[in-house]
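Take a look at the structure below.
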Amino acid sequence: MEYNFSEIEQKWQAEWEKENAYSVSNKSNKQPFYVLDMFPYPSGAGLHVGHPLGYIASDIYSRYKRLQGFNVLHPMGFDAYGLPAEQYAIQTGQHPEVTTNKNIARYIEQLRKIGFCYDWNRQVRTCDPAYYKWTQWAFIQMFNSYYDTTLQKARPISELIARWEAEDPTWATLSEREQQERLMNYRIAYLSDTKVNWCPQLGTVLANDEVSEGLSVRGGYPVEQRVMRQWSLRVSAYAGRLLEGLDRIDWTDSLKETQRNWIGRSEGAEMQFAIKGQDEPFTIFTTRADTIFGVTFMVLAPESEYVQRVVTDEHKEEVEEYLAWVKHRTERERIADRRVTGVFTGSFAINPLTQGEIPIYISDYVLAGYGTGAIMAVPAHDSRDYAFAKHFNLPIIPLIEGADVSEQSFDAKEGIVMNSSFLNGLEVKDAIQKMKEYITNTGIGRVKVNYRLRDAIFSRQRYWGEPFPIYYKDGMPYALPEECLPLQLPEVNDFKPTSDGRPPLGNADLWAWDEKNKKVVNKSQISDAKGIYPLELCTMPGFAGSSAYYLRYMDPHNDQALVDKDVNAYWRQVDLYLGGSEHATGHLIYSRFWNKFLYDLGYVCEDEPFRKLINQGMIQGRSNFVYRYIGEGATGNLYISYNLIDNPEYKDKVQPIHVDVNIVHNDVLDINAFRNWMPEYKNAQFVFADGTSVEDNPYIGSPMAPKQYICGWAIEKMSKSMFNVVNPDDVVANYGADTLRLYEMFLGPLEMSKPWDTNGIDGVHRFLKRLWNMYETITDEEPTKEELKSLHKLIKKITWDIENFSFNTSIPAFMIAQNELSALKCNKRAILEQFAILMAPYAPHIAEEMWHKAQGDQVPSTKFVVNAEWPECNEAYLVEDTQKYPVQFNGKVRFTFECPKDTPKEEVEKLVLAHEDTAKYLAGNTPKKIIVVPGRIVNIVM
RNA sequence: GCGGCAUUGGCGGAAUUGGUAGACGCGCCAGACUUAGGAUCUGGUUCUCACGAGUGUAGGUUCGAGUCCUAUAUGCCGCACCA
Numbered sequence: 001m002e003y004n005f006s007e008i009e010q011k012w013q014a015e016w017e018k019e020n021a022y023s024v025s026n027k028s029n030k031q032p033f034y035v036l037d038m039f040p041y042p043s044g045a046g047l048h049v050g051h052p053l054g055y056i057a058s059d060i061y062s063r064y065k066r067l068q069g070f071n072v073l074h075p076m077g078f079d080a081y082g083l084p085a086e087q088y089a090i091q092t093g094q095h096p097e098v099t100t101n102k103n104i105a106r107y108i109e110q111l112r113k114i115g116f117c118y119d120w121n122r123q124v125r126t127c128d129p130a131y132y133k134w135t136q137w138a139f140i141q142m143f144n145s146y147y148d149t150t151l152q153k154a155r156p157i158s159e160l161i162a163r164w165e166a167e168d169p170t171w172a173t174l175s176e177r178e179q180q181e182r183l184m185n186y187r188i189a190y191l192s193d194t195k196v197n198w199c200p201q202l203g204t205v206l207a208n209d210e211v212s213e214g215l216s217v218r219g220g221y222p223v224e225q226r227v228m229r230q231w232s233l234r235v236s237a238y239a240g241r242l243l244e245g246l247d248r249i250d251w252t253d254s255l256k257e258t259q260r261n262w263i264g265r266s267e268g269a270e271m272q273f274a275i276k277g278q279d280e281p282f283t284i285f286t287t288r289a290d291t292i293f294g295v296t297f298m299v300l301a302p303e304s305e306y307v308q309r310v311v312t313d314e315h316k317e318e319v320e321e322y323l324a325w326v327k328h329r330t331e332r333e334r335i336a337d338r339r340v341t342g343v344f345t346g347s348f349a350i351n352p353l354t355q356g357e358i359p360i361y362i363s364d365y366v367l368a369g370y371g372t373g374a375i376m377a378v379p380a381h382d383s384r385d386y387a388f389a390k391h392f393n394l395p396i397i398p399l400i401e402g403a404d405v406s407e408q409s410f411d412a413k414e415g416i417v418m419n420s421s422f423l424n425g426l427e428v429k430d431a432i433q434k435m436k437e438y439i440t441n442t443g444i445g446r447v448k449v450n451y452r453l454r455d456a457i458f459s460r461q462r463y464w465g466e467p468f469p470i471y472y473k474d475g476m477p478y479a480l481p482e483e484c485l486p487l488q489l490p491e492v493n494d495f496k497p498t499s500d501g502r503p504p505l506g507n508a509d510l511w512a513w514d515e516k517n518k519k520v521v522n523k524s525q526i527s528d529a530k531g532i533y534p535l536e537l538c539t540m541p542g543f544a545g546s547s548a549y550y551l552r553y554m555d556p557h558n559d560q561a562l563v564d565k566d567v568n569a570y571w572r573q574v575d576l577y578l579g580g581s582e583h584a585t586g587h588l589i590y591s592r593f594w595n596k597f598l599y600d601l602g603y604v605c606e607d608e609p610f611r612k613l614i615n616q617g618m619i620q621g622r623s624n625f626v627y628r629y630i631g632e633g634a635t636g637n638l639y640i641s642y643n644l645i646d647n648p649e650y651k652d653k654v655q656p657i658h659v660d661v662n663i664v665h666n667d668v669l670d671i672n673a674f675r676n677w678m679p680e681y682k683n684a685q686f687v688f689a690d691g692t693s694v695e696d697n698p699y700i701g702s703p704m705a706p707k708q709y710i711c712g713w714a715i716e717k718m719s720k721s722m723f724n725v726v727n728p729d730d731v732v733a734n735y736g737a738d739t740l741r742l743y744e745m746f747l748g749p750l751e752m753s754k755p756w757d758t759n760g761i762d763g764v765h766r767f768l769k770r771l772w773n774m775y776e777t778i779t780d781e782e783p784t785k786e787e788l789k790s791l792h793k794l795i796k797k798i799t800w801d802i803e804n805f806s807f808n809t810s811i812p813a814f815m816i817a818q819n820e821l822s823a824l825k826c827n828k829r830a831i832l833e834q835f836a837i838l839m840a841p842y843a844p845h846i847a848e849e850m851w852h853k854a855q856g857d858q859v860p861s862t863k864f865v866v867n868a869e870w871p872e873c874n875e876a877y878l879v880e881d882t883q884k885y886p887v888q889f890n891g892k893v894r895f896t897f898e899c900p901k902d903t904p905k906e907e908v909e910k911l912v913l914a915h916e917d918t919a920k921y922l923a924g925n926t927p928k929k930i931i932v933v934p935g936r937i938v939n940i941v942m
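For the first sequence, position 707 matches number 707 in this note's numbering, and the numbering has no gaps at all.
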């Protein structure tokens, strides 16, 4: 019987849906297990074969755990807010919600076809008010909390107020506005004037992880620095805990390193330097306190608040000029042009140890956002200080024996210290330690740990995002009462910023807060007297909605809490999280921060959200090329087969052109499809692999004309412009979901990046067909020792593979076992039943069918596949069941019809001719021949 | 510059705790069935005529190394004027 994958897969998908087979209960005596995929942003392009890689792996693991008796939570949802839908809205006027819902529908359809065991009842969408209610709720909690540095955790800000009321007599004397301003310095979600990454083309602010090399990650537009009043989240308060938490979770080393890098802990000292002629000293941060005897100048960041204090009158003009110049430089220019720049302030600092006078400079190589925005420069032992000293002709004092600083600085923290008074003769490491003790004891400074991690800027000047549950009274922000959530995103008639440059929500009319009646009213009514105030115009960034979605899946329909306490206590945390490493410094930092915050306030029971995390590799595209002849006498219509392009007559006379990989099979071009692909290739002529141009027969590789045009190939990013996008729907239609699943796993180790190469998928498909045939007749005989041995080897191997996420090595194991059993002519029920169960996580549809067959269930299927070829026909239909799909099939038609089992050859031929589908396609023509071959494929040749 | 990961036939890759290197698949070669093969099945396929050699390169540890150590090269990824 033919392996009719599409029939089998549709049948079981419908069955699973009908039975609600994968819905999960929060009440169970079983042990819980939570497997999560990073939810996708539903882009307009739909899924390509790279997307399901991780989903397939997590699905295998989920099904395995389920078969082991765990209660497995395996949900899916959509990260629905984002720039592309909004950009599209600006261009077309189409509401982002419409676009987004359309894209989501397409994603769901694509995902369903692959046979995942998601509990769709738990689907979440970040743009759904019932969902973003809890995003806004979390924001209010952050607004109403502060970070207690003694307890090292977030506490309600009411505790801070109570303490000030009790201990600080000035508190009561402050006006409400002054009190609010003071509180703002402590809130975990706070408003401040911050230097931000402003992207003019996108018209919005971006977080650090959304900017790369001075360009926006989305769109690649230039980004400049600007000071704006913005919401931020005090992520930096959690830097230490985010770092230390990494030691307790099971993530890959590379990902942990990336996060450690991003958090950037460095242990050093803060030291105070007096300014000559002033009372107040200023503070610098250094990790090399031991080099203080080599300080020959000081440098301030241009934005440093110390600048105005130290600039003398005669240098004022020069300094202002420099500051203006720095301000105008974009981030990109700064990165590209790293020439030494700077200016002298006219002031001198006093070295606290030598009492020597040291000139103070301003330069943009010192960053305002790190440490104190001021440094002591030791040119002999810091390459940046060295370059600066050389440029301004400042002295360089070597402090380490044997270090040659005539050409470059000696940055290494090793060697014996010299020229350093009481540190002389010590190893650098010991000198650092001794100096730390010295400055602590003398009070010159203190030991300090600094982090590179900055607070997350949380405002976006965009429409398509969560509105802030915030209104402004007397210029200060106030949170909406929790019971008023969600604050729904209002309608606007224009998605662009307003003409006076305010964010798009400035276009909304119904956008003011009536404090007394607790409702949204028209903004024309705004008046302090009536207690009607303006609402915040910014929306939240993309990471807001994705920071706690894993908690919401636990209890998605709860309208009383983000997640019920008991439910949270049952699932606890994500046991296995799968997704791309591109989220290492964004989502995976923010989520951990968000979770730790909720943990501090007692809303969740685990400090870390994701116990084990695996990064699946990216799937790259494998592009195909044809080679246009551009040598002498070229018409632009001649294409040379890849195997010939190095021949002397063609060498350097061909131009590679991307060709759609979907009209290339195993690197052989479908020449008719190529001619129909685009008008410019309509009259294409070829030099085939055999070196001739004669086309005896239009069928590729036909025996009557063994003409093959071989394409070249290259590994590139999968993208539309390279014509190398492979759609999973096409693979499912041609080979079935089970083949797709097995093949994606078979490609290589999950974590590694690898190209999608369709060559080779036939091998996996063949295996399934062979396996299928083993279930033709099943006996109740006792299995032999050999057969059992083969099965048990397989059980051991598959178990090990899944436990170790080594899915790629399972497919060979299945193949070997199938081969062995088939060599033993094994068709015993006991064996085949077990085989089906082992296959179930990997290829669930065929496994269900096989298992039912092994159980002796009636599984009727008498369909034949008919392949018919029409040379003249460009359009044809693929008929399956009762549905009719148009296909571009190069003059070939494929459809199915029913016919009793074991019908003789001649009888089948007659039946084919008599069949109504055949009649439809024959359209009065008489076929040259009908061929029935052992695989029960019927070929009709016209 | 700092950090992480990788490197095995024509190709993707396997070798799980230091123990027969190249499993399995693709491709290729030969054969069978066929008007035909683009279907299916069978056999072969690291290199070398062979002796032998062989896991990027050079050393080391070991009875034994793809696997451990040292150095080095190449590629990919992350961070990067972070004091």
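Ideal Cβ placement from N, Cα and C applies to all residues, glycine included.
Identify, in the order they occur along the chain, each residue of the same chain with its Cβ nearer than 7 Å to the Cβ of K113, setting aside the five sequence neighbours on each side. D729, V732 and A737
Given this structure, state the Cα-to-Cα distance separating G342 from G369, to the nearest angstrom. 18 Å
Check the C-beta distance from V659 over to I630 and give it rounded, since I have them as a contact under 8 Å. With a Cβ gap of about 16 Å, V659 and I630 do not count as contacting.
Exposure label - I335; buried when at least 16 CB within 10 Å: exposed
Please report the straight-line C-alpha distance between D209 and N261, rounded to a whole angstrom. 13 Å
The beta strand (DSSP E) spanning K448 covers which residue range? G445 to Y451
Cα-Cα, which of F674, F723 and A166 is closest to N683? The shortest C-alpha separation from N683 is found at F674.
Roughly how many angstroms lie between the CA atoms of E2 and F746, to the nearest whole one? Between E2 and F746, the C-alpha separation is close to 24 Å.
Flag this pair as touching only if the stretch 520 to 536 and the stretch 472 to 486 have three or more C-beta atom pairs under 8 Å; answer yes or no. yes
Buried or exposed: which applies to D902, given that a residue is buried once 16 or more other Cβ atoms fall within 10 Å of its Cβ? With a pLDDT of only 42 at D902, under the threshold of 50, the placement of this residue in the model should not be trusted, and no figure is reported.
Compare the beta carbon distance of A377 and F297 with 8 Å and say whether it is the shorter of the two. yes
Just how far apart, CA to CA, sit R766 and G580? 31 Å
Taking the alpha-carbon positions, what's the S546 to L788 distance? 48 Å
Cβ-based burial, F422 [other Cβ within 10 Å; buried from 16]: exposed
State the DSSP-derived secondary structure class of V492, mapped to helix, strand or coil. DSSP places V492 in coil when its eight states are reduced to three.
In three-state DSSP terms, what is R163? helix
To the nearest angstrom, how far is the alpha carbon of T961 from that of Y463? What is shown of the chain runs 1 to 942, which leaves residue 961 out entirely.
When G82, Q433, E401 and A584 are compared against M418, the one with the closest alpha-carbon: Measuring C-alpha to C-alpha distances from M418 to each of G82, Q433, E401 and A584 identifies E401 as the nearest.
Below 8 Å on the Cβ atoms is my contact criterion, and I expect V319 with V326 to pass it. Report the Cβ-Cβ distance as a whole number of Å. Actually they are not in contact, since the Cβ atoms of V319 and V326 sit about 11 Å apart, beyond 8 Å.
Please classify W800: is it buried, with 16 or more other beta-carbons within 10 angstroms of its beta-carbon, or exposed? Burial call: exposed.
Checking 8 Å against the spacing of the C-beta atoms, do W231 and F458 come in under that value? Their beta carbons are under 8 Å apart, which means W231 touches F458 by this criterion.
Touching or not, the stretch 587 to 595 and the stretch 620 to 634, by the rule of three or more beta carbon pairs under 8 Å? no
Out of F282, A456 and P359, which has the shortest C-alpha to C-alpha gap to V295? P359
From R103 to G44, what does the alpha carbon distance come to, in whole angstroms? The sequence as given places Asn at residue 103; Arg does not occur at that position. Their backbone Cα atoms lie some 6 Å apart in a straight line.
Classify G891: buried if its beta carbon has 16 or more other beta carbons within 10 angstroms, exposed otherwise. Low per-residue confidence applies at G891: pLDDT is 33, beneath 50, and the placement is therefore not dependable enough to give any value.
Considering only residues of the stretch 337 to 419, which uninterrupted alpha helix (DSSP H) runs meet the minimum length of 4 residues and lie entirely inside it, listed in chain order? 383 to 392
Just the C-alpha distance for A548 and T442, rounded to the nearest angstrom, thanks. 47 Å
DSSP puts I778 in a beta bridge; with which residues? DSSP, once it has assigned bridges, lists no residue as partnering I778.
Here's the rule: buried if 16 or more other CB atoms are within 10 angstroms of the residue's CB, otherwise exposed. What is Y107? buried
Let me make sure I understand the geometry here. Which of C199, R248, L242 and D247 has the alpha-carbon closest to that of V227? Among C199, R248, L242 and D247, the Cα nearest to that of V227 belongs to C199.
With contact counted as at least three CB pairs below 8 Å, one residue from each stretch, are the stretch 802 to 809 and the stretch 746 to 764 in contact? Touching, per the Cβ criterion.
Report the residue from N734, S420, G602 and F116 whose alpha carbon sits nearest the alpha carbon of P844. F116
Using only the alpha-carbon positions, how far apart do W637 and P656 sit? Trp is not the amino acid found at residue 637; the sequence shown has Asn there. Taking the straight line joining both Cα atoms gives about 13 Å.
For W772, collect the residues of the same chain with a Cβ closer than 6 Å to its Cβ; drop the 5 residues on either side in sequence, then sort them by chain order. The answer, listed in chain order, is Y3.
From this set, Y478, H557 and E491, which residue's C-alpha is nearest K518's C-alpha? Y478
Just the Cα atoms here: how many angstroms apart are R770 and L215? 52 Å
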